[in-house]
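Counting from 153, one number per residue, gives the positions in the sequence shown under the numbering used here.
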Amino acid sequence: MSTLLKIEFTIPEDAADAAGVFIAAKVPHGWEETPAGDNRKITLYLEDHPLAMEMVSEFEARFPEGGVTWSEQESEDWAVAWKDFFNPVNCGETFRIYPPWLEDGEENGTTHIVIEPKMAFGTGHHPTTSLCLATIGRLAGAGTISEGQEFLDLGTGSGILGIGLSKLGLTGLGLDIDPQAVVCAAENLEANGVADSMTLAVGSIDCVEPGRTFDLVVANILSGPLIEMAGEIVARVKPGGSLVLSGILADKQSDAVAEAYGRRGLGEPQRFVEGEWICLVWEHLES
Numbered sequence: 153m154s155t156l157l158k159i160e161f162t163i164p165e166d167a168a169d170a171a172g173v174f175i176a177a178k179v180p181h182g183w184e185e186t187p188a189g190d191n192r193k194i195t196l197y198l199e200d201h202p203l204a205m206e207m208v209s210e211f212e213a214r215f216p217e218g219g220v221t222w223s224e225q226e227s228e229d230w231a232v233a234w235k236d237f238f239n240p241v242n243c244g245e246t247f248r249i250y251p252p253w254l255e256d257g258e259e260n261g262t263t264h265i266v267i268e269p270k271m272a273f274g275t276g277h278h279p280t281t282s283l284c285l286a287t288i289g290r291l292a293g294a295g296t297i298s299e300g301q302e303f304l305d306l307g308t309g310s311g312i313l314g315i316g317l318s319k320l321g322l323t324g325l326g327l328d329i330d331p332q333a334v335v336c337a338a339e340n341l342e343a344n345g346v347a348d349s350m351t352l353a354v355g356s357i358d359c360v361e362p363g364r365t366f367d368l369v370v371a372n373i374l375s376g377p378l379i380e381m382a383g384e385i386v387a388r389v390k391p392g393g394s395l396v397l398s399g400i401l402a403d404k405q406s407d408a409v410a411e412a413y414g415r416r417g418l419g420e421p422q423r424f425v426e427g428e429w430i431c432l433v434w435e436h437l438e439s
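Below is the structure:
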């Protein structure tokens, strides 16, 4: 039976945002944060392999006063741990995210997405995910994206953004460099009844067939790769299509990302902020 590493450490409340940014750059999925007096306790799970132990060493170096501890856990404990703090979450006015054990089938004016919390980024709780889903809802409400169009979800993680788009009637491609994420995404596509609407593959934007373009490209990854791949990403947007980028820190990275895309002929993006994070949006791009 496979095991996980349960990693825990405690940091001052005023360092919590910085810790979240650091962890988000290292860990492709969610983590738990709970109050501990004047501090914040961080709990996360990693697959038990040498790279995980390297991350433990990085956490110890980054948070030397945090009392970093780790222990082996059976893989089932991951889902059990998530059930203690995974609640439904609204992402804008269109989408509501549920874990399987809380989904009741009553949509009540929102589109439900069911996500099994596993070792892949994208449960709707992180601001970058909720920002992207809220943006997708706005674009659909404005008629910018619509049924029958095609999308590219770059860095699909749990598949959550592609699932939302598929439920709006679009079809598309989800890519992730993490094979485990693609496995999780495939399970979530089945659970949401949209497996026929979205193709999954392990890889990055360079594995898309030459010349293929999309009505919407959404990339919720990190600012560095977004800047490095700017030319390739822009080239995948159809004339008149739209681009949504997130995984970007609002006060430290947004201008650099916007500038990189401005050099490819895009104008100033719309900016939507939640906490430390920002989503950049370009609509109706010219050829």
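Beta carbons are placed, not taken as given, at the ideal position from N, Cα and C, and that holds for glycine.
Do you know how far the Cα of residue j is from the Cα of residue i?
i           : j           : result
residue 318 : residue 288 : 11 Å
residue 279 : residue 159 : 22 Å
residue 267 : residue 316 : 11 Å
residue 388 : residue 248 : 29 Å
residue 422 : residue 169 : 24 Å
residue 153 : residue 198 : In this prediction, residue 153 scores a pLDDT of 46, lower than 50, which makes its location untrustworthy; no coordinate-derived value is stated.
residue 187 : residue 163 : 10 Å
residue 392 : residue 361 : 20 Å
residue 213 : residue 206 : 11 Å
residue 353 : residue 369 : 16 Å
residue 218 : residue 161 : 5 Å
residue 376 : residue 427 : 20 Å
residue 298 : residue 189 : 48 Å
residue 312 : residue 327 : 12 Å
residue 208 : residue 167 : 18 Å
residue 185 : residue 155 : 22 Å
residue 436 : residue 157 : 45 Å
residue 291 : residue 193 : 37 Å
residue 329 : residue 424 : 26 Å
residue 430 : residue 386 : 19 Å
residue 165 : residue 215 : 13 Å
residue 383 : residue 413 : 8 Å
residue 434 : residue 283 : 14 Å
residue 210 : residue 183 : 16 Å
residue 202 : residue 264 : 37 Å
residue 252 : residue 417 : 43 Å
residue 176 : residue 261 : 32 Å
residue 224 : residue 332 : 19 Å
residue 196 : residue 220 : 11 Å
Mind checking residue i: buried by the 16 CB within 10 Å criterion, or exposed?
i           : result
residue 281 : buried
residue 465 : Since the displayed the chain opens at 153 and closes at 439, residue 465 lies outside it and no answer follows.
residue 420 : exposed
residue 398 : buried
residue 307 : buried
residue 243 : buried
residue 410 : buried
residue 415 : exposed
residue 359 : exposed
residue 246 : buried
residue 300 : exposed
residue 438 : exposed
residue 222 : buried
residue 445 : Nothing can be reported for residue 445: it is not among the residues displayed for the chain, which extend from 153 to 439.
residue 344 : buried
Going by C-alpha to C-alpha distance, which of the options sits closest to residue i?
i           : options            : result
residue 285 : 183, 221, 372      : 372
residue 408 : 391, 378, 425, 392 : 378
residue 349 : 165, 262, 314      : 314
residue 321 : 185, 347, 343      : 347
residue 351 : 343, 363, 334      : 334
residue 325 : 356, 172, 435      : 356
residue 304 : 364, 343, 295      : 364
residue 367 : 253, 215, 390      : 390
residue 309 : 261, 374, 294      : 374
residue 394 : 224, 294, 196      : 294
residue 396 : 380, 432, 381      : 432
Please determine whether the Cβ atom of residue i lies at a distance below 8 Å from any heavy atom of the ligand PLP.
i           : result
residue 224 : Because no ligand of any kind appears in the structure shown, any question about the ligand PLP cannot be addressed here.
Could you tell me whether the stretch 336–343 touches the stretch 391–409, using the rule of 3 or more Cβ pairs below 8 Å? no
Report the residue ranges of all beta strand (DSSP E) runs contained in full by the stretch 197–225; include only those spanning at least 3 residues, in chain order. none
Which full runs of the beta strand (DSSP E) of 3+ residues lie inside the stretch 374–430, going along the chain? 389–401, 422–426
What residue ranges within the stretch 261–327 form continuous beta strand (DSSP E) runs of no fewer than 3 residues, ordered along the chain? 263–266, 302–306
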